[in-house]
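Residue 99 in UniProt numbering sits at position 99 of the sequence shown, with consecutive numbering throughout.
Notes follow once the structure below has been shown.
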Amino acid sequence: MAHEFVGPMPVEDFFKAFMNPGRPYTEPSLPKQWRGKFRAKLIKKLGFENSFINAVNRAEICPDLVLVNTTKERDDQFWRKPDITVYKRPYNGPPTTDFERMELHIERKTASEDPFSDPKSRKSRQEHSFEHDSKASMKSRGQIISYTACQFASQHRCFTFSILFLDDYVRFIRWDRAGAIVTKRLAWRDDPKPLARFLWLFNHLSDAERGYDTSISKPTAREITLTKKKLDERANALARAKGEPSRLPETRYSTDDSFRKFCVVDDDPEIKMGKARVRFFVASVPQWQSGSPVGRGTKGYEALDLETGELVYLKDTWRYEADKMKKEGDTYRKLAANDVSHIPRLACAGDVEGQRTRTHDFTDEDWCCGEPEVRQHRHYRLVLKDLGRPLSKFNSTKELCQVLLEAIIAHMEAFKVDVLHQDISGGNILITDDGHALLIDWELAKRVSEEKSPRQDWRTSDIFRVHGSSFQPPSLNNLERSMNFETT
């Protein structure tokens with residue numbers, strides 16, 4: 001996340017931008033008793049976590065939340081443990097870290113470990129590096145980044161918040177897929193009111209205002225049963241194809257509580273009047289997901305199409321929004337219209353209404369240091385009718401060569417109709433159940449006819465970065481002869 005932190009934002013601006021809902025709203029008043037109980041307890045230096053939790057509880061600042069000291073109890077899946085984890089009431093679980101249920105994480109460091117550096121004057125802001133480069137600072141920054149990555153991986157979120165204590169100081173942070181906005185450092189022991197106000201406001205935010213993706217809902221018991229049945233059938237079919245005994249799809253779903261219903265609003269301009277644009281899909285755990293808290297944050301699911309009753313591939317991602325960047329669904333439609341082979345069939349695709357990043361909106365503020373490299377992203381879902389297994393799961397050398405050849409054919413045919421993939425890798429080539437190729441992930445594709453512009457490395461695969469100057473595609477006929485097998 002280098003150069004993706006924006007700050008130091010004035011705290012009042014932070015509250016106004018992110019903790020003041022865009023609807024008729026009266027900011028709640030702090031409880032009358034908060035000051036004495038909160039301040040008195042916070043002066044204690046020993047046992048900070050428990051003292052802080054007790055102070056918050058006694059002042060009744062977060063009546064709907066539970067603060068848990070998790071300094072010693074890691075999450076079972078990620079092996080991470082912030083100092084304090086905030087959960088929604090009711091919570092009767094053990095004092096352990098659970099990223100699936102986390103509302104907010106709170107971390108404590110020394111002032112010398114501050115990941116960020118506030119400028120001493122406004123004149124120096126343009127040249128000032130907000131991200132502190134000491135070893136201790138980089139370690140602290142990496143730590144809070146990892147907590148956010150775990151939370152994003154475990155939940156369906158658009159953004160999240162966190163608190164960072166630095167001895168007598170505190171910072172508030174808002175994270176989304178574009179980066180993070182960090183407040184200026186506050187002396188909370190001298191004046192705990194901003195800290196108390198943050199917690200009080202956070203307690204009164206709705207799920208959507210805390211960052212949850214409210215376009216996702218809980219499926220019915222019948223929908224979960226149907227989805228599990230289809231996933232079981234596919235797992236058994238794949239096992240039989242490899243000559244293995246039937247087995248349950250342990251990695252395709254866990255508990256019934258893990259299933260969610262995804263809504264996709266199709267943006268196909270060719271949809272006929274009267275035909276439904278809104279489609280629903282049920283899925284459990286992602287088969288693949290990005291590990292970074294910023295960027296596209298792609299999660300891929302095997303999902304049940306509730307309209308057709310068939311399994312499909314659902315891609316949940318945050319597409320980069322910029323001039324000349326085509327939506328992936330539009331690229332699939334163009335490829336299909338031109339009969340490009342070995343491309344999965346598109347079921348539907350579209351943006352999730354109202355869900356976009358906001359970090360990029362603040363890079364031109366006068367308080368912003370340096371020139372953060374923050375890009376705007378918009379939440380996007382795409383559904384493909386065809387499923388495949390990873391390239392690494394090939395059944396024979398012949399099948400592997402066949403699939404690679406077909407992927408090259410797909411790329412060449414796409415190029416002929418003015419589409420360049422730009423992100424070719426082994427992970428973007430799948431094998432169908434009958435042993436043929438599917439070239440996927442066209443989200444970074446561009447039109448070949450576009451005017452040349454300075455290359456953006458983040459759009460280009462490692463293959464082309466390393467070998468771009470000398471890469472020459474082989475003759476297709478020579479390639480077929482050298483492999484010595486039929487392509488159909």
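Glycine residues also receive a C-beta, built at the ideal position from the N, C-alpha and C atoms.
Residue i in three-state terms, based on DSSP
i, result
"lysine 315", "strand"
"glutamate 406", "helix"
"histidine 105", "strand"
"phenylalanine 161", "strand"
"aspartate 176", "strand"
"cysteine 150", "helix"
"tryptophan 288", "strand"
"valine 56", "helix"
"alanine 235", "helix"
"proline 390", "strand"
"aspartate 351", "strand"
"aspartate 191", "coil"
"threonine 225", "helix"
"phenylalanine 18", "helix"
"phenylalanine 280", "strand"
"alanine 208", "coil"
"valine 217", "Note that residue 217 is serine in the sequence shown here, rather than valine. Of the three classes helix, strand and coil, the one that applies to serine 217 here is strand, per DSSP."
"arginine 171", "strand"
"glutamate 127", "coil"
"isoleucine 343", "coil"
"phenylalanine 415", "helix"
"residue 497", "For residue 497 there is no data in the structure shown, the boundaries of the chain being 1 and 488."
"residue 491", "Because the chain in this structure spans residues 1 to 488, residue 491 falls outside the shown range and cannot be described."
"phenylalanine 198", "helix"
"phenylalanine 116", "strand"
C-alpha gap between residue i and residue j, whole angstroms
i, j, result
"proline 474", "proline 269", "Note on proline 474: pLDDT 41, under 50, position unreliable in the model; the coordinate value appears next. In a straight line, the C-alpha of proline 474 is about 38 Å away from that of proline 269."
"glutamate 307", "glutamate 127", "55 Å"
"tryptophan 442", "isoleucine 224", "30 Å"
"lysine 416", "serine 217", "42 Å"
"aspartate 168", "phenylalanine 48", "12 Å"
"threonine 160", "glutamate 406", "42 Å"
"histidine 436", "methionine 1", "38 Å"
"leucine 186", "glutamate 73", "29 Å"
"isoleucine 53", "isoleucine 84", "9 Å"
"serine 137", "aspartate 114", "5 Å"
"asparagine 69", "tyrosine 91", "13 Å"
"serine 124", "glutamate 365", "14 Å"
"methionine 19", "isoleucine 181", "13 Å"
"methionine 9", "glycine 142", "20 Å"
"cysteine 369", "glycine 7", "6 Å"
"glycine 243", "histidine 421", "35 Å"
"isoleucine 271", "lysine 324", "24 Å"
"glycine 93", "tyrosine 87", "10 Å"
"residue 511", "leucine 201", "With the chain represented from 1 up to 488, any question about residue 511 goes unanswered, as that position is not in the structure."
"tyrosine 320", "glutamine 376", "6 Å"
"leucine 400", "threonine 71", "48 Å"
Delimiting residues of the beta strand (DSSP E) encompassing residue i
i, result
"residue 489", "Residue 489 lies beyond the range of the chain shown here (1 to 488); nothing can be said about it."
"histidine 360", "Here histidine 360 belongs to no beta strand (DSSP E), and DSSP marks it neither H nor E."
"phenylalanine 262", "260 to 265"
"valine 374", "Run containing valine 374: none; DSSP gives neither H nor E here."
"valine 86", "84 to 88"
"asparagine 69", "65 to 69"
"residue 503", "Outside the displayed range of the chain (1 to 488) lies residue 503, so it cannot be described from this structure."
"leucine 444", "Segment: none, leucine 444 is in no beta strand (DSSP E) and carries neither H nor E."
"isoleucine 431", "429 to 431"
Own chain, CB closer than 6 Å to residue i, minus 5 neighbours either side, in chain order
i, result
"glutamate 131", "Phe5"
"glutamine 355", "Cys158, His379"
"tyrosine 332", "Leu346"
"proline 31", "Glu60"
"methionine 102", "Thr85, Gln151"
"proline 194", "Val11, Leu186"
"lysine 327", "none"
"valine 265", "Arg277, Val278, Gly350"
"histidine 156", "Asp213, Ile216"
Proximal residues to residue i (C-beta, below 8 Å), its chain only, five neighbours per side dropped
i, result
"aspartate 75", "Lys81, Thr96, Thr97, Asp98, Phe99, Cys150"
"alanine 336", "Ile343, Arg345, Leu346"
"valine 282", "Pro219, Glu223, Ile224, Leu226, Thr227, Phe259, Arg260, Lys261, Phe262, Ala303, Leu304, Leu306"
Element boundaries [alpha helix (DSSP H), containing residue i]
i, result
"glycine 328", "Checking the sequence, you will find glutamate at residue 328 rather than glycine. From DSSP, the alpha helix (DSSP H) with glutamate 328 extends over 328 to 337."
"arginine 378", "Looking at the DSSP string, arginine 378 is not in any alpha helix (DSSP H); the run it does join, the beta strand (DSSP E), is 377 to 384."
Same chain only: Cβ atoms within 7 Å of residue i, ignoring 5 sequence neighbours per side
i, result
"glycine 297", "Phe152, Arg177, Ser290, Thr317, Trp318"
"residue 504", "The requested residue 504 does not occur in the structure, where the chain is confined to residues 1 to 488."
"valine 340", "Ala410, Glu413, Ala414, Val417"
"arginine 174", "Phe18, Phe159, Phe161, Ala180, Ile181"
Residue-level contact to chain C via CB, residue i, 7 Å cutoff
i, result
"serine 137", "Of the chains in the structure shown, none is chain C; there is only one protein chain."
Near the ligand NAD: residue i beta-carbon under 6 Å from a heavy atom
i, result
"serine 154", "Because no ligand of any kind appears in the structure shown, any question about the ligand NAD cannot be addressed here."
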